[in-house]
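Take a look at the structure set out below.
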Amino acid sequence: MDLHRNTVLNQMDYSEDPKEVKSSQLTEDRLDSGIDSLKEEEYQAVAAEIHRLQLDCEHKQPAAVTGEPLQEWQTQITEEGDTLLHLAIIHEAKDFTQKMINMTKNTDFLNAQNDLRQTPLHLAVITNQPDVCYGLIVSGCNITVVDNNGDTPLHIACRHGNLHCFSAITQNCRPEQLHTAMATWNYNGQNCLHLASIYGFLLLVEKMVDLGADINTREQHNGRGALHLAVDQQNLCLVKLLLKKGADPNLLTSGGYTPYHLTYGLDNCDIRKELHPLTHPDLRELPDSDSENSEEDSDEEFDEGVMYDDIKLNGH
């Protein structure tokens, strides 16, 4: 089940006045495979099955507590690998969702992954249901599980600026899991702090640093830190925040560039002025490029060769 938002939903524009909150715009086409993925009779069948679970299992204890084997409804999955809990979250059937969570506390069922390796917590973040995030986390789900993009649920919250789900996760999970989730690189080589920096969510950046995220961790493609990314986005407010929080202005990328180097050719002179006095004098000039020099030399040699050949030809 290929789930994603058609448009990036930012709950808050953290680069502006934090009191100005953008209203969330919920769309019917939010999910590729959502309500429209099931025919009416199929949806009614799922609802009837969940209702039956309420009646059949009302007085039963979770399998993890009683040692009983998985119940039949826990083994039922769709062609896309979704369990009934996945479906209940997708369709925002909160009553049924909470009942299933209560019946499967501290079991692996809460971490079941569909064909896109999305857990129920991934889907709760995607569908912007912080109350479901809370229920899953306090019932024992694992926030460090990654989907087929290498994203934890926290990565998704940081990419979309979802402050409510971010708070539900970070305030209720175990500290060791939180540190693991914040430090995890996805398959694009970015951690949660990198994503929040790229999209300019200052409040999320600040909260993660306060929670112990390494502000100088470099992403894995070009070795850029959060401060480099802020310069890339020409986000002066984020540059100031990162410097205030202890970002290293002399941190080098894999190519040997400081954040100040990245200001060359950019329109925002204020960022350049902010970084100049903090950057070591030896790291202000752009590093020499041996490859560029060698290309110039080869071009000169080529030109001389052509002239020499041309003279010989005219001499005949």
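Residue numbers are given in the UniProt record's numbering: position 272 of the sequence shown equals residue 272, and the series is strictly consecutive. The beta-carbon is built from N, C-alpha and C at its ideal position, and this holds for glycine as well.
| task | Put Ile215 into one of helix, strand or coil per three-state DSSP. | result | Here residue 215 is taken as the residue at index 215 of the sequence shown, counted from 1. Coil, per DSSP.
| Mind pulling the alpha helix (DSSP H) runs of 4 or more residues that sit fully within the region 141-224? | As far as the region 141-224 is concerned, its whole alpha helix (DSSP H) runs of at least 4 residues are 153-160, 163-170, 175-183, 192-198, 202-210.
| Proximal residues to Leu154 (C-beta, below 6 angstroms), its chain only, five neighbours per side dropped | Stepping through the sequence shown from its first residue, residue 154 is reached at position 154. Answer for Leu154: Ile169, Ala181, Cys192, listed in chain order.
| query | So Leu275 packs on Pro287, CB below 8 angstroms; how close in whole Å? | reply | Here residue 275 corresponds to residue number 275 of the sequence shown, with the count starting at 1. Here residue 287 corresponds to residue number 287 of the sequence shown, with the count starting at 1. Leu275 to Pro287, Cβ: 16 angstroms. No contact.
| said: Please report the distance separating the alpha-carbon of Thr97 from that of Ile89. | reply: Here residue 97 refers to the residue found at position 97 when the sequence shown is read from its first residue. Here residue 89 refers to the residue found at position 89 when the sequence shown is read from its first residue. Each residue's Cα considered, the two are about 6 angstroms apart.
| query | Which one of Glu176, His160, Asp95, His164 has the shortest CA to CA distance from His194? | reply | Within the sequence shown, residue 194 is the residue found at index 194, counting from 1. The residue with the shortest Cα to Cα distance from His194 is His160.
| query | In this structure, what does DSSP give as the bridge partners for Ile77? | reply | What you label residue 77 is simply residue 77 of the sequence shown in a count that begins at 1. According to DSSP, Ile77 bridges with Thr83.
| request: State yes or no: is the C-beta of Gly200 within less than 8 angstroms of the C-beta of Leu238? | output: To locate residue 200, count along the sequence shown from 1; it is residue 200. To locate residue 238, count along the sequence shown from 1; it is residue 238. Against a cut-off of 8 angstroms, the Cβ pair of Leu238 and Gly200 comes out as a contact.
| Quick one: what's got a C-beta closer than 6 angstroms to Asn235's C-beta in the same chain, skipping five residues either side? | Sequence index remark: in the sequence shown, residue 235 carries index 235 (1-based). In the same chain as Asn235, and ignoring 5 residues on each side of it, the C-beta atoms closer than 6 angstroms to its own belong to Gly200, in chain order.
| message | What does the alpha-carbon distance come out to for the pair Val138 and Asn172? | response | Translated into the one-based positions of the sequence shown, residue 138 becomes position 138. Translated into the one-based positions of the sequence shown, residue 172 becomes position 172. Distance between the alpha carbons of Val138 and Asn172 is about 7 angstroms.
| query | Looking only at C-alpha atoms, which of Gly265, Leu266, Asp248 sits nearest to Pro277? | reply | On the sequence shown, residue 277 is found 277 positions in, with the first residue counted as 1. Nearest option by C-alpha distance: Asp248.
| Is it right to say Pro175 is buried, meaning 16 or more other beta carbons lie within 10 angstroms of its own, or is it exposed? | As a working mapping, residue 175 is identified with position 175 in the sequence shown. Exposed.
| What is the C-beta distance between Gln233 and Trp185, in whole angstroms, given that I count them as a contact (C-beta under 8 angstroms)? | The residue labelled residue 233 in the question sits at position 233 within the sequence shown. The residue labelled residue 185 in the question sits at position 185 within the sequence shown. Contact doesn't hold; Cβ gap of about 20 angstroms is too wide.
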